[in-house]
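One structure is given here, and the rest of the page talks about it.
There are 2 protein chains.
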Amino acid sequence: METLEAINKRASLKAHLSTREVEQDKIIKVLDAARLAPSATNEQPWRFVVVKGKENVENVVTRASRMGRRVFDEAPVLILVFVNPKDYVFPDGKTFYLLDIGLAMENILLAATDLGLITHPMASLDGDKLKEMLDVPDEMEFVLATPLGYPTEGSYEQAAQEKLSQRTRKSLSEIAYSNKWGKPF
Amino acid sequence: METLEAINKRASLKAHLSTREVEQDKIIKVLDAARLAPSATNEQPWRFVVVKGKENVENVVTRASRMGRRVFDEAPVLILVFVNPKDYVFPDGKTFYLLDIGLAMENILLAATDLGLITHPMASLDGDKLKEMLDVPDEMEFVLATPLGYPTEGSYEQAAQEKLSQRTRKSLSEIAYSNKWGKPF
């Protein structure tokens with residue numbers, strides 16, 4: 646898929662996840678995309694625990710869910726993103742590792758879209774429970790997760806169609822200025 | 646360009662920026678890519694000031710540089726990213742807007758790569774000076790910037806070749822685990 650097309654078609658589609666197994670080489674392509682993201686001083690602060698298999702994912706999601714409802718607990722793959730904030734440079738006291746995680750995560754979402762796979766970034770899982778369940782060292786911090794799976798529909802495009810038609814985004818004139826703040830782009 | 650190819654070829658290439666003007670429709674494509682990124686509760690916290698014209702960019706960069714050296718001061722376009730942290734939900738006290746900025750920024754970098762344009766994300770500019778110069782409201786926070794320009798070489802690929810051949814990234818086995826922390830992916 647062309648880059649701008651993938652950027653345009655990426656959507657959060659947890660309602661369309663099928664239980665069909667995802668091939669290991671596709672999971673690797675998705676993680677490799679994350680690996681190639683830029684980061685401040687090339688720190689590469691991202692670490693991934695990839696939970697595979699419907700039962701394993703269900704177990705993790707059920708125990709770490711916070712919202713009183715389980716989400717994507719039937720996904721065949723769950724990618725959990727952790728970071729060690731202590732290893733990291735904080736210019737101006739900012740938690741810049743979150744920016745780097747965002748750069749890597751977008752690569753994950755776009756690579757998955759390109760491969761016809763569904764994602765849905767989500768932060769509302771209990772980090773402490775995840776760490777306990779998955780033997781994650783104390784110093785690490787859970788940031789966010791995404792399920793990875795094939796769509797229940799015949800194609801990614803079919804699965805995404807409705808969500809994309811309802812997508813709301815600020816217009817360019819609301820978010821971009823030319824040369825000075827307030828001057829229309 | 647294919648999505649995975651753009652992800653693979655994206656590199657930080659400030660040394661290869663030419664002064665050639667960038668067409669407005671290409672700048673719009675790049676910002677539109679940012680606009681389509683996901684964000685927590687669809688907050689879309691990103692705001693952009695796009696400085697255009699070599700002289701304007703040089704003026705901004707010279708006055709806001711922190712490192713005792715000016716960087717990309719000859720770029721034809723400089724995209725500055727701001728955010729209003731106060732408008733934003735902070736799950737667990739985390740500055741999650743930085744994660745969202747990362748998601749949008751990666752779209753900028755990939756869309757530019759796809760269009761044959763050079764980028765170089767960089768946070769080390771003086772946010773207070775930028776805000777003063779560009780009439781940015783007090784409550785906003787400068788996050789990072791990237792120049793945008795054509796390569797000095799004949800193509801993006803030629804410009805990126807050396808940098809990509811020297812790229813260092815942790816291997817997948819250093820950053821990803823299977824089902825539990827420490828279990829090789």
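Here the protein sequences line up with chains A and D, keeping their order. Converting from the first sequence to the working numbering requires adding 645 to each position, the first position being numbered 1. Converting from the second sequence to the working numbering requires adding 645 to each position, the first position being numbered 1. For each residue, glycine too, the CB sits at the ideal point set by N, CA and C.
For tyrosine 801/D, there is no enclosing beta strand (DSSP E); the residue is found in the alpha helix (DSSP H) stretching over 801 to 810. Methionine 767/A carries a strand assignment under DSSP once its states are collapsed to helix, strand and coil. Using beta-carbon distances, glutamate 666/A does not count as an interface residue toward chain D, since no partner is under 8 Å. In the DSSP assignment, the residues bridged to tyrosine 822/D are Val694/A and Pro829/D. Contacts between valine 728/D and chain A, judged by CB atoms closer than 9 Å, are missing: the closest CB pair is about 10 Å apart.
Nearest neighbour of aspartate 783/A by Cα position, chosen from Glu719/A, Glu650/A, Phe727/A and Glu647/A, turns out to be Phe727/A. Per DSSP, the continuous beta strand (DSSP E) segment holding threonine 791/D begins and ends at 786 to 793. Scanning chain D for C-beta atoms nearer than 9 Å to the C-beta of alanine 756/A yields Thr648, Leu649 and Ile652, reported in chain order.
DSSP places valine 728/A within a strand segment (E or B) once states are collapsed to three. Nearest C-alpha to glutamate 703/A among Leu770/A, Lys671/A, Asn729/A and Leu649/A: Leu770/A.
Contact of glycine 761/D with chain A is not assigned, every C-beta pair being separated by 8 Å or more.
What aspartate 783/D touches in chain A, judged by beta-carbon distance under 8 Å, is nothing: the nearest beta carbon there is about 11 Å away. With a contact defined as Cβ atoms closer than 8 Å, leucine 744/D and leucine 723/A miss out at about 18 Å.
Under the three-state reduction of DSSP output, leucine 754/D falls in the helix class. With respect to leucine 676/A, arginine 814/D sits apart: the two C-beta atoms are not nearer than 8 Å. Close partners of arginine 708/D in chain A (Cβ separation under 7 Å) are lacking, with about 14 Å as the shortest Cβ gap.
Interface annotation for the region 796 to 822 of chain A against chain D: Arg812, Thr813, Arg814, Lys815, Ser816, Leu817, Glu819, Ile820, Ala821 and Tyr822, criterion Cβ-Cβ distance under 9 Å. The Cβ of leucine 793/A sits no closer than 8 Å to any Cβ of chain D.
Chain D places no beta carbon closer than 8 Å to that of glutamate 700/A, leaving this residue out of the contacts. By the CB criterion at 8 Å, proline 683/D and proline 766/A fall inside the cutoff.
Separation of the CB atoms of leucine 658/D and lysine 808/D is rounded to 6 Å, and the pair is thereby assigned contact status at 8 Å. According to the DSSP assignment, asparagine 701/A belongs to the alpha helix (DSSP H) that extends over 699 to 709. Just measuring C-alpha positions, the residue of Glu647/D, Val696/D, Asn653/D and Thr664/D sitting nearest leucine 779/D is Val696/D. Interface with chain D (8 Å Cβ-Cβ cutoff): serine 663/A is excluded. According to DSSP, glutamate 647/D shares a beta bridge with Glu647/A.
Alanine 720/A has a beta carbon lying at 8 Å or more from every beta carbon in chain D. As DSSP reads the structure, valine 722/D sits in a beta bridge with Lys697/D and Leu793/D.
Less than 8 Å separates the beta-carbon of lysine 825/A from that of valine 694/D.
Annotation for threonine 664/A: Lys699, Glu719 and Pro721 place their beta carbon closer than 7 Å to its own, counting only its chain and skipping 5 residues before and after.
Leucine 662/D has Pro796/D as its beta-bridge partners, per DSSP.
Chain-ordered, the chain D residues with CB closer than 7 Å to the CB of phenylalanine 830/A read Val695. Bridge pairing for serine 657/A: Thr764/A [DSSP].
In this structure, valine 667/D lies near tyrosine 795/D, with their beta-carbon atoms less than 8 Å apart.
Taking the Cα positions, alanine 804/A is about 46 Å away from alanine 709/D. Per the C-alpha coordinates, the member of Leu760/A, Ile820/A and Gly772/A positioned closest to aspartate 670/A is Leu760/A.
Interface flag for alanine 660/A against chain D is unset, since no Cβ pair is found closer than 8 Å.
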